[in-house]
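Student:
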Amino acid sequence: METPEFKFSSNLQKKTLIIELNGDITDSCEETIFAIYESHSASKFENLILDFSSVHYINSAGIAVLINLVTKTRQKEQHLIITNPSEYFLKIFTMIGLTRYSNIHKSIDEALANIGEENNS
Amino acid sequence: MTDDVTRPLIKENEQLKAQIKELERKKWELDKKIFELKVLYEIAKETTTTQDIRSMLKIFLSMTMGTFGISKGLIVIDQDRETGWEVVTARGVDLSEEVLQKITLNDFDLFKNLTDTCPMDSDTLAETPELLATPLYSWLKSVPLYIWVPIVIDGEVIGGICVGEKISGEPFIEENLNLLSIIASNCALNVRNAKLFQENIEKERIQRENEELKRLDKKKSEFVNMVAHELRTPLTSISGFSELMIKKADTKSRDALKKYSKIIFHESDRLRRIINDLLDLSRIRSGKVEMEKQMADLLSVIEMSIANVQLHAEKKKISLSENFPEKIDLFYFDKDKMTQVMLNLLSNAIKYTPDGGHVTVNVSLKGNDVQCAVTDTGVGIPKGDLSKIFEEFHRVNNEISRTERGTGLGLPITKSIVEAHDGILWVESEEGKGSSFIFRIPMLEETETED
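Heads up: the sequence lines are chains A and B, in that order.
So the first sequence is numbered by the numbering used here: it starts at 1 and just counts up by one.
So the second sequence is numbered by the numbering used here: it starts at 1 and just counts up by one.
Structure, rendered in structure tokens:
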């Protein structure tokens, strides 16, 4: 079976970088995800939203990529927000402790609406 | 009354709630185990995609860290006996690449005796004074808790997976350590397979090189034997007739002595030509003879060569004809060397064509190449000789080659010159009907030649 290609789209609003992930998250995505992250670093965004609504699969190496991202955002005092994770992904993220360092929302809009409150809390 | 009824119900309800909670906990644990099993399967699957140890260990480390939610980790391995242990891959490690490269073999001496997976804190490490000053220690010290998972092959620690704490803050439990050990065993197996694979590739390469060296050595010996044989033939004549002249000088007629002198002269000349040709061939093949390429007209070179052999052809009543395009652009080639090619091909054609035959020179353009075919109506070449025709000293066994002896190096030299022009030379022939020697060379411009 052919692996679905990993794609992404990103945009910046309300000091928030939104990366909509699409396809499979494995170690091969690391370079791309960090390239998007670094390319927006000049804009000094405060929040990073990773949207999982179009993610079909994530393996343990893909989780390691997310952990790396968590470390990075924590170093820069940015907030990591995960949106639209499936029930299974949410379970995995909870299992490995990723949810301790990120807020979870059902949609990007919901996440954006809650940003101010969460950052102040 | 009410209390008597509700109390047991409340108790039962609480028991049920506790049971549900316990079941949920167990399901959670089961889910974790399923996840870990999936990871083992994934690791096994992913690591079969590469035989490169570094790439493979990179996958191992990221998958291991993802499985347990670890932010820092590295894998050290004894790559080979000469360079010793080295950090082959690292994630989330604050050490720069530069520092990582400075971590030396001594940094890992401590771990060589750790054959079991074990948690260790920096206090334990501090008990090893020689480790304190190493860059590795400075990293290990920055991680509150880390786990050392040895990679063991045949009872020998050949490396290890070194990971920091879980981001969940949970401690590593025995089951985690067991899973880490399984991952490391899998890792060891893959490292061993990859090393065997690389060793096999290396062995095959050496074997191929050895076979090639043996083949070249054999060819060289054969060549030396051939040269010795070719040189011995005229030398034997020279020596024999000289001896004859000395011994029979008083008894033999003047004409006979003159005949002996002639033979000695011709054989000496043949010896000189063989030696010159051998030197030529050797220089061209070793690249010591630079082709003196210049913008020139190949058609005029061919025409001059035809004119040169005209007299020889007329003596044998052989007609020479040419079939040229109107014009060929000037291009870069060595005029003298290409003249040598043409003279050789034309002389051979005339030599192997019986009296009254025909020799034709066809020149045509093939894209950016020019092709020239020298075709004769001669004796042709037997099929069995076609593949050997360009070998040194190879002669087709026919009457002409027995009576008109050349050096046996003309065609190899011709082929080498054509190849020095990035061209090819080949032969098409049918025994009894004739042969075509065809070469094709690119019409290079100066810039291309220099490149």
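The C-beta atom is built at its ideal place from N, Cα and C for all residues, glycine as well.
With a cut-off of 8 Å, does the C-beta of Lys32 (chain B) fall near any C-beta of chain C?
Tutor: Although the question refers to chain C, the structure presented lacks it and instead comprises the protein chains A and B.
Student: Based on DSSP bridge pairs, tell me the residues matched to Lys7 (chain A).
Tutor: As a working mapping, residue 7 (chain A) is identified with position 7 in the first sequence. Its beta-bridge partners are A:Asn22.
Student: Could you list which residues in chain A have their beta carbon closer than 9 Å to that of Lys166 (chain B), in chain order?
Tutor: Residue 166 (chain B) sits at position 166 when you count from the first residue of the second sequence. Within chain A, the residues near Lys166 (chain B) are Ile96 and Gly97.
Student: For the beta strand (DSSP E) that contains Phe52 (chain A), what are its first and last residues?
Tutor: Numbered from its first residue, the first sequence carries residue 52 (chain A) at position 52. Unbroken beta strand (DSSP E) run through Phe52 (chain A): Asn47 to Ile58.
Student: Could you confirm whether any beta carbon from chain B is found closer than 8 Å to the beta carbon of Ala61 (chain A)?
Tutor: As a position in the first sequence, residue 61 (chain A) is number 61, starting the count at 1. By this cut-off, Ala61 (chain A) is an interface position.
Student: Could you tell me whether any Cβ in chain A is nearer than 8 Å to the Cβ of Phe68 (chain B)?
Tutor: On the second sequence, residue 68 (chain B) is found 68 positions in, with the first residue counted as 1. With respect to chain A, the C-beta atom of Phe68 (chain B) has a partner C-beta closer than 8 Å.
Student: Counting Cβ pairs closer than 8 Å, one from the stretch 297 to 304 of chain B and one from the stretch 328 to 338 of chain B, do we hit at least three?
Tutor: Because the criterion of three Cβ pairs below 8 Å is met, the stretch 297 to 304 of chain B and the stretch 328 to 338 of chain B touch.
Student: I'd like to know if Glu42 (chain B) contacts chain A, where contact means its C-beta is closer than 8 Å to some C-beta of that chain.
Tutor: Translated into positions along the second sequence, residue 42 (chain B) becomes position 42. Chain A, which has a Cβ nearer than 8 Å to the Cβ of Glu42 (chain B), makes this yes.
Student: Can you tell me which of the three DSSP states Ala184 (chain B) falls into?
Tutor: Locating residue 184 (chain B) in the second sequence gives position 184, where the first residue counts as 1. Helix.
Student: Looking at the secondary structure, which residues open and close the beta strand (DSSP E) in which Lys366 (chain B) lies?
Tutor: By 1-based counting over the second sequence, the position of residue 366 (chain B) is 366. Looking at the DSSP string, the run of the beta strand (DSSP E) that includes Lys366 (chain B) is His358 to Lys366.
Student: Please report whether the beta-carbon of Arg205 (chain B) lies at a distance below 8 Å from any beta-carbon of chain A.
Tutor: Position 205 of the second sequence holds residue 205 (chain B). For Arg205 (chain B), not one C-beta of chain A is nearer than 8 Å to its own C-beta.
Student: Measure the C-alpha to C-alpha separation of Lys14 (chain A) and Leu112 (chain A) and round it to an integer number of angstroms.
Tutor: Within the first sequence, residue 14 (chain A) is the residue found at index 14, counting from 1. Within the first sequence, residue 112 (chain A) is the residue found at index 112, counting from 1. Each residue's Cα considered, the two are about 8 Å apart.
Student: With a threshold of 8 Å, are at least 3 pairs of Cβ atoms found where one atom belongs to the stretch 20 to 30 of chain B and the other to the stretch 39 to 55 of chain B?
Tutor: no
Student: Suppose the cutoff is 8 Å on Cβ atoms and the five residues either side in sequence are ignored; what does the same chain contact list for His67 (chain A) look like?
Tutor: In the first sequence, residue 67 (chain A) corresponds to position 67, counting from 1. Inspection of the sequence shows that residue 67 (chain A) is occupied by Ile rather than by His. If we look at Ile67 (chain A) and ignore the five residues flanking it on each side, its Cβ neighbours are Ile96 and Leu98.
Student: Counting only runs of 3+ residues fully inside the stretch 420 to 444 of chain B, write out the beta strand (DSSP E) ranges in chain order.
Tutor: 424 to 430 and 434 to 442
Student: Does the CB of Ile67 (chain A) have a neighbour CB from chain B at under 8 Å?
Tutor: Your numbering for residue 67 (chain A) matches position 67 in the first sequence. Interface residue, yes.
Student: Can you tell me where the beta strand (DSSP E) with Phe331 (chain B) in it begins and where it stops?
Tutor: Locating residue 331 (chain B) in the second sequence gives position 331, counting from the first residue. Unbroken beta strand (DSSP E) run through Phe331 (chain B): Phe331 to Phe333.
Student: Measuring alpha carbon to alpha carbon, tell me which of A:Leu17, A:Gly23, A:Ser53 and A:His40 ends up nearest Leu80 (chain A).
Tutor: In the first sequence, counting from the first residue as 1, residue 80 (chain A) sits at position 80. Residue A:Leu17 is the option with its Cα nearest to Leu80 (chain A).
Student: So, with DSSP's three-state summary, where would you put Asn176 (chain B)?
Tutor: What you label residue 176 (chain B) is simply residue 176 of the second sequence in a count that begins at 1. Reduced to three states, the DSSP call for Asn176 (chain B) is helix.
Student: DSSP three-state label for His105 (chain A), please.
Tutor: The count along the first sequence starts at 1 and reaches residue 105 (chain A) at position 105. In this structure, His105 (chain A) counts as strand in the three-state DSSP scheme.
Student: Using a Cβ-Cβ distance cut-off of 8 Å, determine whether Val70 (chain A) contacts chain B.
Tutor: Your numbering for residue 70 (chain A) matches position 70 in the first sequence. For Val70 (chain A), the answer is yes, since a Cβ of chain B falls inside 8 Å of its Cβ.
Student: Determine, for Ala35 (chain A), whether the minimum Cβ-Cβ distance to residues of chain B falls below 8 Å.
Tutor: Reading the first sequence from its first residue, position 35 is the one you call residue 35 (chain A). Not one chain B Cβ lies under 8 Å of Ala35 (chain A).
Student: Nearest to Lys366 (chain B) by CA position, among B:Thr6, B:Pro442 and B:His421, is which residue?
Tutor: For the purposes of this step, residue 366 (chain B) is taken as residue 366 along the second sequence, with counting starting at 1. Cα-wise, what sits closest to Lys366 (chain B) is B:Pro442.
Student: Please go through the same chain and pick out, in chain order, the residues whose beta-carbon is closer than 7 Å to the beta-carbon of Ile104 (chain A), but skip the five residues on each side of it.
Tutor: Here residue 104 (chain A) is taken as the residue at index 104 of the first sequence, counted from 1. Only Ile82, Pro85 and Leu90 meet the Cβ criterion.
Student: If I'm right that Ala188 (chain B) touches Ile153 (chain B) with Cβ under 8 Å, what's the distance once you round it to whole angstroms?
Tutor: Counted from its first residue, the second sequence places residue 188 (chain B) at position 188. Counted from its first residue, the second sequence places residue 153 (chain B) at position 153. Confirmed, Cβ separation roughly 5 Å.
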